[in-house]
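Be aware that the sequence shown starts at 1, since it is given in the numbering used here, and climbs by one per residue.
Heads up, the beta-carbon is just placed ideally off N, CA and C, and yes, glycines get one too.
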Amino acid sequence: MRRLMTPMLQLPVVDTRARPLRDLRISVTDRCNFRCTYCMPREAFGPDHAFLPRAEILTFEEITRLTSAFVANGVTKVRLTGGEPLVRRDLDRLVGMLAALPGIADLTLTTNASLLTDARAAALAAAGLHRVTVSLDALDDATFLRMNDAGVPVQRVLDGIAAAEAAGLGPVKVNAVIRRGVNEHAIVDLAGHFRGSGTSVRFIEYMDVGHSNGWRLDEVVPAAEVVAAIHARWPLEPIDPAYRGEVARRYRYTDGAGEVGVIASVTQPFCGDCTRMRLSADGRCFTCLFATEGHDLRAVVRGGATDEELRDAIASVWRRREDRYSELRSDATVDLPKVEMSYIGG
1 MRRLMTPMLQ
11 LPVVDTRARP
21 LRDLRISVTD
31 RCNFRCTYCM
41 PREAFGPDHA
51 FLPRAEILTF
61 EEITRLTSAF
71 VANGVTKVRL
81 TGGEPLVRRD
91 LDRLVGMLAA
101 LPGIADLTLT
111 TNASLLTDAR
121 AAALAAAGLH
131 RVTVSLDALD
141 DATFLRMNDA
151 GVPVQRVLDG
161 IAAAEAAGLG
171 PVKVNAVIRR
181 GVNEHAIVDL
191 AGHFRGSGTS
201 VRFIEYMDVG
211 HSNGWRLDEV
221 VPAAEVVAAI
231 HARWPLEPID
241 PAYRGEVARR
251 YRYTDGAGEV
261 GVIASVTQPF
271 CGDCTRMRLS
281 ADGRCFTCLF
291 ATEGHDLRAV
301 VRGGATDEEL
311 RDAIASVWRR
321 REDRYSELRS
331 DATVDLPKVE
341 MSYIGG
């Protein structure tokens with residue numbers, strides 16, 4: 001097997017706007033056991049939908065080699081996503097391979113937690129996973145079942161969160177996408193449920209990723225409205241960002257009961273400090289969540305490139321990067337043929 005490169009200490013590669021490459025989101029599969037209405041609506045991802053053939057999906061060895069090349073270009077944070085990453089078999093083996101790479105300070109997983117059993121969580125933790133982020137958009141079954149469209153009740157997700165905490169995969173973060181007319185009532189419910197628990201909730205503005213979700217601006221609940229709703233019940237105060245490129249604006253409860261965050265890509269764009277690259281399950285890298293096309297790294301890997309050539313290919317993509325979609329969002333850009341979120345992860 002090809003020996004993995006040892007990342008060299010070097011100045012971080014920066015893009016055309018002087019943003020360093022720091023974060024890598026890796027989609028390990030384009031499949032999911034949910035059919036969330038804002039991500040993989042059943043009318044677009046039904047029984048006849050053509051998912052990626054197995055031969056086109058990166059192997060664990062290819063993912064690890066690519067990740068090593070990303071680390072050589074400055075990446076220190078790696079997040080495994082999907083689709084739903086836990087539908088891919090033996091994911092703990094990939095976690096172990098990535099955890100063995102020098103230079104990764106934070107190795108995390110985003111999941112809907114419906115498949116996160118005690119045994120699975122323990123195996124991931126033993127392999128070297130640091131933390132999990134769980135998607136949960138409501139606490140009442142009527143709303144949650146309507147949103148996930150897969151017959152999965154809230155309790156199964158809460159059990160997955162408990163399994164993660166028991167395995168030491170914390171502090172757990174909960175992501176909730178808020179959509180006007182669907183689940184804005186869940187804002188205070190979610191904040192109250194996790195208040196004082198050590199688990200923080202991140203409320204995400206409904207975004208125009210892809211085209212299958214039929215996004216409309218009037219369905220966005222602005223982050224300021226989210227913060228105001230929680231503040232009216234439990235007073236909040238802002239927290240300074242922990243690092244450059246932190247996407248969540250964080251607020252702590254003034255009584256010391258923890259914190260919440262908002263991710264406001266629509267109303268408060270944070271493109272200026274975005275340090276993320278995304279790698280799809282079939283090996284295409286995307287320099288923006290709202291990208292229209294990616295760069296084929298699978299062909300580079302399978303074409304016999306050396307480690308240095310692979311590292312240079314990634315650096316070349318990043319240096320040309322000039323994305324700032326959320327800052328430029330308009331009626332014209334909303335209609336561009338953007339890649340679906342389920343393909344590149346959130």
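Segment contact: the region 171–184 against the region 133–145, three or more CB-CB distances shorter than 8 Å; contact assigned. In this structure, Pro153 lies near Asp141, with their beta-carbon atoms less than 8 Å apart. Nearest neighbour of Arg179 by Cα position, chosen from Ala166, Gly170, Val266, turns out to be Val266. Inter-segment contact for the region 305–322 and the region 12–22 is present: three or more beta-carbon pairs are separated by less than 8 Å. Proximity of the region 26–33 to the region 78–85 meets the contact definition, three or more beta-carbon pairs being nearer than 8 Å. In this chain, the alpha helix (DSSP H) harbouring Leu145 covers 141–148. By the Cβ criterion, the region 251–262 is in contact with the region 221–233, since at least three pairs of Cβ atoms, one from each stretch, lie closer than 8 Å. Straight across, the Cα-Cα distance linking Gly128 with Ala167 is about 11 Å. Apart from the 5 residues on each side of it in sequence, Arg195 sits with its Cβ closer than 8 Å to the Cβ of Trp234, Tyr253, Ala257, Gly258 in its chain, given in chain order.
Around the beta carbon of Arg25, 16 or more other beta carbons lie within 10 angstroms, which makes this residue buried. Unbroken beta strand (DSSP E) runs of no fewer than 3 residues, entirely contained in the region 8–73, are found at 23–27, following chain order. Spatial neighbours of Thr117 in its own chain (CB-CB distance under 7 Å, excluding positions within 5 residues in sequence) are listed in chain order as Ala163. Its Cα nearest to that of Val71, the residue Pro102 stands out among Asn148, Pro102, Arg131. Counting along the chain, Gly261 sits inside the beta strand (DSSP E) bounded by residues 259–263.
Across the set Asn33, Pro47, Ala69, Glu62, the C-alpha of Ala69 shows the shortest separation from the C-alpha of Asp307. Within the model, the alpha-carbon separation for Ile57 versus Gly283 is close to 7 Å. Within the DSSP bridge table, the entry for His295 names Cys285 as partners. Counting only runs that start and end inside the region 85–161, the alpha helix (DSSP H) elements of at least 4 residues fall at 91–99, 118–127, 141–148.
When secondary structure is reduced to three states using DSSP, Phe194 falls in the helix class. Per the coordinates, the alpha-carbon of Thr111 lies some 22 Å from the alpha-carbon of Thr287. Comparing alpha carbon positions, the residue from Ile239, Ile344, Ala186, Gly170 closest to Ile230 is Ala186. Nearest to Ala313 by C-alpha distance, out of Thr37, Met97, Asn73, is Asn73. Sequence-distant partners of Val301 (beyond 5 residues in either direction) whose C-beta falls short of 6 Å from its own C-beta, in its chain, are Glu62. Membership of Ser200 in the beta strand (DSSP E) is indicated by the continuous run 200–205. Judged by DSSP in its simplified three-state form, Leu169 adopts coil rather than helix or strand. For Val78, the uninterrupted beta strand (DSSP E) run begins and ends at 77–81, by DSSP.
In terms of Cα proximity to Ala291, the closest of Arg250, Pro53, Val132, Arg278 is Arg278.
Judged by DSSP in its simplified three-state form, Val226 adopts helix.
Residues of the same chain with a CB within less than 7 Å of the CB of Gln155, apart from the 5 flanking positions on each side, do not exist. According to DSSP, Arg252 shares a beta bridge with Glu237, Glu259. In the displayed model, Val221 falls within coil according to three-state DSSP, outside both helix and strand.
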